[in-house]
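Heads up: the structure comes next, in structure tokens.
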Amino acid sequence: MAPSCILIADTATFVVHPYFPLDVHCYFPYTAALLRQFLPGHTLFMDLCSYRIERKRATVYAKVKHPVLIFCYLLQGRIAGLDKQGQPEALLSGKQYAGFNLRDGRYRLGLEKGRHLVLNFALDKKLMLLILKNYPTLARLIREQPFLDDKRQALPLCKIDFGITRIISRLQKMPKLKTFAEPFLFDLVLELLMHYETQLQSGNFLYYQTTQEKIYDVKEFIQSNYTDPACQVSQLAREFNSTRKTLAREYKKEFGISMKEHITKLRMKLALQLLEQNCLIKEVTRATGYQNPFSFSRMFKKYYGYPPEKRKGNKGFLCLAY
């Protein structure tokens with residue numbers, strides 16, 4: 001007989017305004033559904049929630065009273081687990097999901113400004129032991145994966161593909177009742193777990209990078225894409241699933257130059273070469289990733305100390321670049 005289940009089927013929207021005095025705490029339904037103490041007679045909890053953060057960022061504070069295995073399917077937005085210093089780790093961006101094996105203790109999640117849509121389901125230890133024998137790869141990872149800070153274990157990260165989307169769409173089409181018990185919800189969870197098991201067996205999963213590994217990838221990305229107008233610090237943070245502040249700090253710490261300075265340096269070097277070849281200012285503007293000739297000329301003069309017109313075709317001109 002399938003365990004009884006509770007589903008909060010009606011998608012709830014929670015708004016954190018800029019003037020809201022506190023960040024999100026345990027009394028919010030999102031955290032309560034995600035990390036609540038399991039009620040007697042129930043072994044599985046699911047929720048589908050939407051959050052709209054209207055300040056720069058908000059933090060979810062939660063306390064786990066009993067060990068749980070939680071799966072988080074991020075359909076839109078970005079959610080990050082926060083370490084003791086409040087820095088993001090095990091970050092999920094849109095269309096990603098992962099499992100988290102949590103021991104009792106306190107946890108924090110970070111939500112950035114914008115809209116976030118997430119499906120969560122959580123299994124208590126009793127149900128976890130019952131079903132994991134059918135998923136040997138997942139069971140082995142839970143046994144072997146080290147715990148961070150002796151209390152949390154981040155399982156491999158995967159993309160939400162068409163198969164996952166199809167399963168979740170069945171959930172979204174269900175009648176919007178507040179709570180109800182239905183055996184087929186348990187079957188839906190088993191489908192999601194089987195899909196995860198298949199992806200783990202095939203090696204079709206992502207890795208959580210360390211910050212140092214990530215910033216070397218950022219540097220390589222900049223060197224390959226600096227002529228793209230979209231190569232901006234904010235876009236790089238989104239591309240590499242990090243916050244702008246964290247990525248900028250670690251990049252400058254490692255390389256001694258900020259990401260913006262690195263992009264500008266590469267663009268100005270290319271601009272100099274093109275101007276010496278008698279290229280038109282508007283051609284150099286497009287080739288170096290600037291939106292218009294005015295922006296390019298202003299940056300060129302700021303960087304070299306003279307306007308680009310004086311450099312055009314003059315290879316013997318004194319270069320003040322550093």
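All residue numbers for the sequence shown refer to full-length UniProt numbering, where the first residue is 1 and numbers rise by one.
Beta carbons: idealized from backbone N, C-alpha and C, even for Gly.
All values reported here derive from a predicted model rather than from experimental measurement.
Remark: C-beta atoms of Y73 and L138 do not approach each other more closely than 9 Å. With 16 or more neighbouring CB atoms inside 10 Å of its own CB, L155 falls in the buried class. For R249, the enclosing alpha helix (DSSP H) covers residues R244 to F255. Under DSSP, the beta-bridge partners assigned to H116 are Y51. Within its own chain, the residues whose Cβ lies closer than 8 Å to the Cβ of G94, once the five positions on either side in sequence are excluded, are L74, L75, Q76, G77 and R78, listed in chain order. Inter-segment contact for the region 64-71 and the region 161-168 is absent: fewer than three beta-carbon pairs are separated by less than 8 Å.
Looking at V64, G114 and L91, the one whose alpha-carbon comes closest to that of K56 is G114. Taking C-beta separations shorter than 8 Å and ignoring five residues to either side along the sequence, the partners of Y135 in its chain run L193, M194, Y196 and E197, following chain order. Contact between V284 and F296 holds, with the beta-carbon distance rounding to 7 Å and staying under 8 Å. As DSSP reads the structure, V64 sits in a beta bridge with G105. In this structure, F121 sits near F45, with a CB-CB distance shorter than 9 Å. With contacts defined as CB atoms closer than 9 Å, E144 and T243 fail to qualify as a contacting pair. The alpha-carbon of K269 is positioned some 24 Å away from that of R249. Membership of A154 in any alpha helix (DSSP H) is not indicated; the residue belongs instead to the beta strand (DSSP E) covering R152 to A154.
Cβ atoms of Y97 and C158 come within 8 Å of each other, at about 6 Å. Ranked by Cα distance from G203, the options L141, E191 and K252 are led by L141.
For Y304, the uninterrupted alpha helix (DSSP H) segment begins and ends at P293 to Y304. Selection Y107, D217 and K310 evaluated against A237 yields D217 as nearest (Cα-Cα). If the five residues before and after K301 are omitted, its C-beta is found closer than 8 Å to the C-beta atoms of P307 and P308, all from its own chain and listed in chain order. Separation of the CB atoms of L190 and L171 is rounded to 13 Å, and the pair is thereby denied contact status at 8 Å.
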